[in-house]
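Take a look at the structure below.
There are 2 protein chains.
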Amino acid sequence: MNFKISKRLFLNGLQVVSRAVSSISPLPSLSGIKIDITKDKMILTGSNSDISIQKELKNDDDLKLVVDEEGSMLIDSRYLVDIVKKIDSDTINIERIDGQLYKIYGNDAEYKINGMSTHDYPMIDFNEPSNKFYIDAYTLLKVINQTTFATSDKENKPVLCGVNFKCDGDTVECIATDSYRLARKYFKIDESLKFNVTIPRKSLNEIAHSIEKDEKVKVAIGNNKCQFYVDNTLIQSRLIDGAYPETSRLIPTEFKHELVVDSREILNAIDRASLMRNDGVYFVKLVGNEDSVTISSKADDIGSYSGSINIESWTGQPLSITFSGRYILEAIRTLEASTIKISFSGDMRPFVITSLDDNSVLQLVLPVRTYN
Amino acid sequence: MNFKISKRLFLNGLQVVSRAVSSISPLPSLSGIKIDITKDKMILTGSNSDISIQKELKNDDDLKLVVDEEGSMLIDSRYLVDIVKKIDSDTINIERIDGQLYKIYGNDAEYKINGMSTHDYPMIDFNEPSNKFYIDAYTLLKVINQTTFATSDKENKPVLCGVNFKCDGDTVECIATDSYRLARKYFKIDESLKFNVTIPRKSLNEIAHSIEKDEKVKVAIGNNKCQFYVDNTLIQSRLIDGAYPETSRLIPTEFKHELVVDSREILNAIDRASLMRNDGVYFVKLVGNEDSVTISSKADDIGSYSGSINIESWTGQPLSITFSGRYILEAIRTLEASTIKISFSGDMRPFVITSLDDNSVLQLVLPVRTYN
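Residue numbers (the working numbering), protein chains in the order written: chain S, 825 to 1196; chain F, 825 to 1196.
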């Protein structure tokens, strides 16, 4: 193996695939990045077995790929990325010296580094499933940002650690819940498909990080994996096994009280209330009627907060309700709406937060019971 | 106690004195900021017993101080700073409700917060010692930055955890050493004074953080404390007890080899070498003669680095010497010089790094012994 390549594009490719690599993998070979070189292209692969990223760099003028000897190599991701970053040269040369020992050099700086055997690297099946659709990258980003925060981080119910993507026709319904709150987002596709899969939160967040510009993203859904093709990079994730709970009947459709309010106004009030915490958690009490809405909180032994907010409207009877401040903050922030509507069914019933401008997304939160 | 005040200036004052406050103080009252209000001024005090900061806000148009009732209060620093930050109002009102319970409010947001008794706050002697001099703030900043990094972080030799300031005439000599390296900096004063004190590293770093513009800083040195007056703020630190070791004979004055090199060139080479670490530590080998200087490093089982650097000149016989890469990086960086000179006396003797432009500062590093 002996080649040279543009530092900039090589480093970019390494950084992209290194995001799938975990340094604490039980399989030592997965701490490496696999590089396959042929005359006309380089394929970079990184994986932590849950998520795998593959990037193909095709030879063109920018890539400046010159291959003296084809081959494959596997080198620890941390060292490889840092070495290529630190070599101050437009092109990087890599040459196998002997066994798994490689020389990486450019502009009078030379590293020798021990690689690993490519035979130890697991076979990863990158075949493309047939169930596929296209989605705008920025729409996908919104789908991810408006749902993943509501997934559970408790590993005892694995299926709740992912977002459920369900489709039977041309509308995809995405649901995330940790049992105390729920996020629901719809989006349309051009195809007519049928699938019901749950994608791990971590994989979706990784995909969100990979999105840098608005372009069409191809999504392929298989029985045990899904693939996202973002900017010439293939990001493949396993799916979470198990049936996702039926959530539609949890979402109330009739309401007794409705608050319409500027989202910054209520976010700022809840932020002020957030100083009053008990063991790091803060509960916020909302007392509302047609004339005024007050937000308050208190922390044992420390003090209390109280302040009224300017509202657009309150419809229905007066109400007093208490909820997790963090849940509401996260739900309202992800809506990215200027004006929001909060619809209540009673002081102990789940309530719904929606954007006045966008009916594709809904946030649901359960109140908490208080004894004063 | 009942007053109102400009939020901006009050918050700024609180943030300045809160830097001395530690939330893990053994004395609960020291987790608070003490506020003394009279008709014409506010005095803010924060302390962790090692370092104390006092800021006086004098009443003028900007401060908008209106005092209905004079008094003193003591409130937990974390809450007080955050509360004032989050109240969205030009002026902040504070009023004692009852006992130690205070109301802090502005623009329809109202906090009630439990304070502490000011009687529990320690008496801090802020009297000004008579031994005093003036120094430009940016010169003081340089003195601090070029010395504190070389102090020891081992608590078993407390005196090495500070910087020794020694004066007998109009030149102050500042020395820091952790036994493996040493930093020495001189500066001139207009006065003729005699003192020999050691100031804790943490206090000096706190003073450096307080410097925002170049102005005259008054420094007053006492028997057991020192004071720095920066921008209407008094920062007072305890001194470290014990005699500082005599270091002058450790610094060689005759050299056998001298390397003159662009500081970026050698910094970049050592940075490249830094990837090859053993247990987080990296040793760098420098091999030099009149024709070339090579920097190399290696890490067991991982690999090695080697690269030559462009030099201005090498004087003397060839030399091979090994040293801590981190020590050299830190020493060269703090010189802030474009071209540096490294003067060696032999492969096992301490060597000296100086700036070609500034003879007020010297960095000394001990080499390490290697067995290959």
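For each residue, glycine too, the CB sits at the ideal point set by N, CA and C.
Taking C-beta atoms as the reference points, Asp944 of chain F and Ser853 of chain F count as a pair closer than 7 Å. When the Cα atoms are used, Phe834 of chain S and Gln924 of chain S turn out to be separated by approximately 20 Å. DSSP lists no bridge partner for Pro1142 of chain F.
Collapsing the DSSP output to three states places Arg1073 of chain S in a helix.
Annotated as proximal: Leu1028 of chain F and Ile968 of chain F, with beta-carbon spacing under 7 Å.
Neighbourhood of Ser1132 of chain F in chain S, by CB distance below 8 Å: Asp932, in chain order. In this structure, DSSP gives Thr1158 of chain S a helical state, which the three-state scheme calls helix. Residues of the same chain with a CB within less than 8 Å of the CB of Ala933 of chain S, apart from the 5 flanking positions on each side, are Lys910, Ile911, Asp912, Ser913 in chain order. Going by C-alpha positions, Gln1187 of chain F is about 55 Å away from Asn931 of chain F. Scanning its chain for C-beta atoms nearer than 6 Å, with the 5 sequence neighbours on each side dropped, one finds around Ile999 of chain F the residues Asn988, Arg1008, Thr1071, in chain order. Not a single C-beta of chain S is nearer than 7 Å to the C-beta of Arg902 of chain F.
Residue contact with chain F for Ile1156 of chain S: absent (no Cβ-Cβ distance below 7 Å to any residue of chain F). Our two residues, Met866 of chain S and Thr1022 of chain S, have alpha carbons roughly 32 Å apart in a direct line.
Cβ contact annotation for Leu1159 of chain F (same chain, cutoff 6 Å, sequence separation greater than five): Ser1179, in chain order.
For Lys966 of chain S, the uninterrupted alpha helix (DSSP H) segment begins and ends at 961–969.
Where His1033 of chain S is concerned, the enclosing alpha helix (DSSP H) starts and stops at 1025–1034. At a cut-off of 7 Å between beta-carbon atoms, Ser1128 of chain S makes contact with chain F.
Proximity of chain S to Arg1096 of chain F at the Cβ level (cut-off 7 Å) is accounted for by Lys910, Ala933, in chain order. The criterion of a C-beta distance shorter than 7 Å is satisfied by Lys1122 of chain F and Ser1128 of chain F. Under a 10 Å Cβ-count criterion, Met947 of chain S is classified as exposed, with fewer than 16 other Cβ atoms of the shown protein chains found around its own Cβ. Taking Phe1019 of chain S as the centre and dropping the five residues before and after it, the same chain places the C-beta of Asn955, Phe989, Lys990, Cys991, Ile1045 closer than 8 Å to its C-beta, in chain order. Annotation: Cβ neighbours of Asn938 of chain S in chain F (cutoff 7 Å, chain order): Asp1125, Ile1126, Gly1127.
Distance between Val908 of chain S and Gly837 of chain S, taken at the CA atoms: about 11 Å.
Within 10 angstroms of the beta-carbon of Ile1031 of chain S lie 16 or more other beta-carbons, which makes it buried. In chain order, Tyr903, Asp906, Ile907, Lys910 make up the part of chain F whose C-beta sits under 7 Å from the C-beta of Leu1099 of chain S. Per DSSP, reduced to three states, the secondary structure at Thr972 of chain F is helical.
Note: His1081 of chain S is bridge-paired with S:Gly1140, S:Phe1168 in the DSSP secondary-structure output. When 7 Å is used as the limit between beta carbons, Asn1092 of chain F is near these residues of chain S: Asp912, in chain order. For Asp886 of chain S, the number of other beta carbons within 10 angstroms of its own is below 16, and it is reported as exposed.
Of the residues assessed, Val841 of chain F falls on the buried side of the cut-off, its CB having 16 or more other CB atoms within 10 angstroms. Judged by DSSP secondary structure, Val905 of chain S falls outside any beta strand (DSSP E) and instead within the alpha helix (DSSP H) spanning 901–910. Looking at the backbone, the Cα of Ile1156 of chain F and that of Arg902 of chain F are separated by about 38 Å.
Sequence-distant partners of Asp860 of chain S (beyond 5 residues in either direction) whose C-beta falls short of 6 Å from its own C-beta, in its chain, are Ile867, Ser896. Here Tyr1068 of chain F really is in contact with Val983 of chain F; their C-beta atoms are around 6 Å apart, less than 8 Å. In this structure, F:Thr995 is the residue among F:Pro1024, F:Thr995, F:Leu904, F:Val1176 with its C-alpha nearest to the C-alpha of Lys1012 of chain F. The continuous stretches of beta strand (DSSP E) do not include Gly837 of chain S, which lies in the alpha helix (DSSP H) extending over residues 831–842.
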